[in-house]
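In the UniProt record's numbering, the protein residues as written are 1 to 210. No residue lacks a Cβ here, since even glycine has one placed at the ideal position from N, Cα and C. It should be emphasised that the depicted structure is a prediction, and the values quoted were computed from it without experimental measurement.
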């Protein structure tokens, strides 16, 4: 199925974008110039269009948040001191989350934040309900926002959530934190958005000093 879709997309691109009339009527192009071609062409372009619009909108939201622009250079620079400093800062966390959303890779940070909320639950009944929801959304191998954890941790977490306690997610939360600290955090610090914010804030400070 994946190979077929890839083949169809390649044909779509070659047949539609700048190909000659002779090529359009070649046997390979005629194969896809039917309902399947039209369906995949529509689906392919819809996905690309939606992703492009969504990404641009989210980036606009990040760049236009006035509170971020008014942060001191000291505060923004400290985000690079450690991952914990970044997550402990209201604006740093907001920017980190938003930037991950633009890459459709925010499942780890959202899971980590959900674990924090989980620990605040007082009612045992609500704890069970929340545990079930977390498993279905983040832990299960078919989860829509499956977190990137190893098999052993996934199985152990599943067992703990069958009879959930306030500490059932402690281990997996630590593991997900470590993953983000190793991969997502350095990527965030290298990102154009963060570097631009640093440069913009530095220039504002320099103008004020004159």
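Buried or exposed, going by whether 16 or more other CB atoms sit within 10 Å of the CB of residue 162? exposed
Classify residue 48 as buried or exposed, calling it buried when 16 or more other Cβ atoms lie within 10 Å of its own Cβ. A caution first: residue 48 carries a pLDDT of 43, below 50, which makes its placement in the model too unreliable to give a value.
Quick one: what's got a C-beta closer than 7 Å to residue 158's C-beta in the same chain, skipping five residues either side? Cβ contact annotation for residue 158 (same chain, cutoff 7 Å, sequence separation greater than five): 135, 139, in chain order.
Sufficient close CB pairs (3 or more, under 8 Å) joining the region 196 to 203 to the region 167 to 175: Verdict: no, contact absent.
With distance defined between alpha-carbon atoms, name the residue in 72, 95, 85 nearest to residue 192. 95
How is the alpha helix (DSSP H) around residue 178 delimited, first residue to last? 170 to 179
I need the straight-line Cα distance from residue 165 to residue 124, nearest angstrom please. 8 Å
So, is residue 132 buried or exposed, given that buried needs 16 or more other C-beta atoms within 10 angstroms? exposed
When DSSP labels each residue in this structure, what does residue 142 get in the three-state scheme? coil
Using the C-alpha atoms, what's the distance from residue 203 back to residue 137? 43 Å
Is residue 178 near residue 100, with beta carbons less than 8 Å apart? no
Does residue 108 pass the burial test, meaning 16 or more other C-beta atoms within 10 Å, or should it be called exposed? buried
Rounded distance between the beta-carbons of residue 189 and residue 98, thought under 8 Å: Residue 98 to residue 189, Cβ: 15 Å. No contact.
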